[in-house]
Each structure stands twice: as structure tokens, then as C-alpha cells.
């Protein structure tokens, strides 16, 4: 596609429910990132995928968070048993290779609201 | 791990004035420093970046300076315009690093 695509753009859920957020990166980009942006906060790194290598999960805040990337393309971020503090905008980004070699292209984000 | 601090959190300037945003980083191994601009309701976009083998880089009205000894870098915007109003994020990464660590962001308001 022309850019990074994320869905849903908005998700309202009840506390305790599971949610799945989807990211479709730019075709040919081997690196895929998930960041979280809480209101008034910066961009918090969650997880990184590079090709077929093991993902860097060092930013996942708890074991309720997981992500996978199938076939080196589409990625899904899953949050189990959502809590109110999970409310944020979840941004996906992709790049041709390592972040230090070029630009990160961000999606529009998925705004999650946990009631 | 890397920690990036950004100041100020908000900045208001008159149209035509200059704006300066400063960031410090903790990991001396970091040597790639991009700046991203996020307009209201939109996605962050890269506006300029600098690597550690360069002390300053300019692109029209924006410039970035880097002081590796002091571990800080700054974004300079000259002749500010209303369309410069946005949130600006600095970031740092190692040369062979896998992730960008972002600062908390600066809300820039340009008053006309």
C-alpha cells in the first residue's frame, strides 16, 4: 500500500475484555514497530520485528501484551484483560531496515479507550 | 537503556521568531538523532535527522545541532510560521540499534 495502515482507528472496550489491533506496513519494509502514545506523553516503544529474527519485546509493559507478525508483513498487537491505564493511541511504524538507516513511517494509530 | 529528556514541554513564540527545543540522551553509544513532527490528529513524520559524525545540519528553516561530548542535541526553527505549530519529538538510537527512544515531546505554538 501507499502507507502504513492500522485498524481499527478507534476502539472502545470494557475493562477486562481482550482487544486486537492490526497493522499493515509499507510493502517491502522489513522492520515493524509498535509504540504507545498516552495523552500528553511521548512515544513509548513496545515491540520491534525485523525480518525473521526474534522480536525485541523489551518495551511490552506486562504479560497482558503480545504481538505477532505473520509472513513478515501484517502485525497484530493483542492486549488481554484490558485495564483503564491501557487507554492510549497505539502507533505502528515500519522502515526499510534498522531504524538508524532511515525514516520510520507511522500509521494513523488506533485509539483505544478502556471504560 | 537509553533515556531521552526533552525541554521545554510547551513553547509559545510569535510568528517570525525563532524556536529552540533541546534534548539530552544518556547512552553514549547512540549516534543517530532524528526529529519528528506531529500535527494535531496526524501521524508523526520525520523532519530532519543527524548522525554523530556531523555537528550541525540544516534544511531551509530548520537546523539540528549535536554535542556528543555533552550528550545533547537541539532543534532550531527560524522565521516560525503558524503551520509550524505541532508537537515535536526528538529521538535517539544506536548505530546498529533496533529502536528509537523518543523524548516526551514539545508542544510548539506559533502565534500570529
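Residue numbers (the working numbering), protein chains in the order written: chain A, 1 to 115; chain V, 1 to 112.
The beta carbon of each residue, even a glycine, is placed where N, CA and C say it ideally should be.
Small disclaimer: the values here were computed from a predicted structure and weren't measured.
Task: DSSP state of residue 49 of chain V mapped onto helix, strand, coil - done: In this structure, residue 49 of chain V counts as strand in the three-state DSSP scheme.
Open item on the list: DSSP has residue 47 of chain A in a bridge; who is on the other side?
Closed with: Beta-bridge pairing links residue 47 of chain A to A:34.
- [ ] Going by CA-CA distance only, name the one from A:76, A:14 and A:4 that's closest to residue 28 of chain A.
- [x] Sorting A:76, A:14 and A:4 by C-alpha distance to the C-alpha of residue 28 of chain A places A:4 at the top.
- [ ] Could you tell me the distance, in whole angstroms, from the CA atom of residue 145 of chain A to the CA atom of residue 25 of chain A?
- [x] In the structure as shown, chain A starts at 1 and stops at 115, and residue 145 of chain A therefore has no counterpart that could be examined.
- [ ] Please state whether DSSP places residue 103 of chain A in a helix, a strand or coil.
- [x] In the structure shown, the three-state DSSP call for residue 103 of chain A is coil.
Task: Reduced DSSP category for residue 6 of chain V - H, G, I as helix; E, B as strand; rest coil - done: DSSP places residue 6 of chain V in strand when its eight states are reduced to three.
Task: Residue burial classification, residue 58 of chain V (beta-carbon count within 10 angstroms, cutoff 16) - done: Taking all protein chains shown into account, residue 58 of chain V has fewer than 16 neighbouring C-beta atoms within 10 Å of its C-beta and is therefore exposed.
Open item on the list: What does the Cβ neighbour count give for residue 18 of chain A, buried or exposed, with the cut at 16 atoms within 10 Å?
Closed with: Taking a 10 Å sphere around the C-beta of residue 18 of chain A, we find fewer than 16 other C-beta atoms and assign the residue as exposed.
Task: Members of the segment 45-67 of chain A that neighbour chain V once the beta carbon cut-off is set at 7 Å - done: Cβ contacts with chain V: 45, 48, 50 and 56.
Open item on the list: Within 8 Å of any Cβ in chain V, is that where the Cβ of residue 96 of chain A sits?
Closed with: With 8 Å as the cut-off, residue 96 of chain A does not count as an interface residue toward chain V.
Open item on the list: Within 10 Å of its beta-carbon, does residue 3 of chain V have 16 or more other beta-carbons around it, so buried, or fewer, so exposed?
Closed with: Answer is exposed; the Cβ neighbour count stays below 16.
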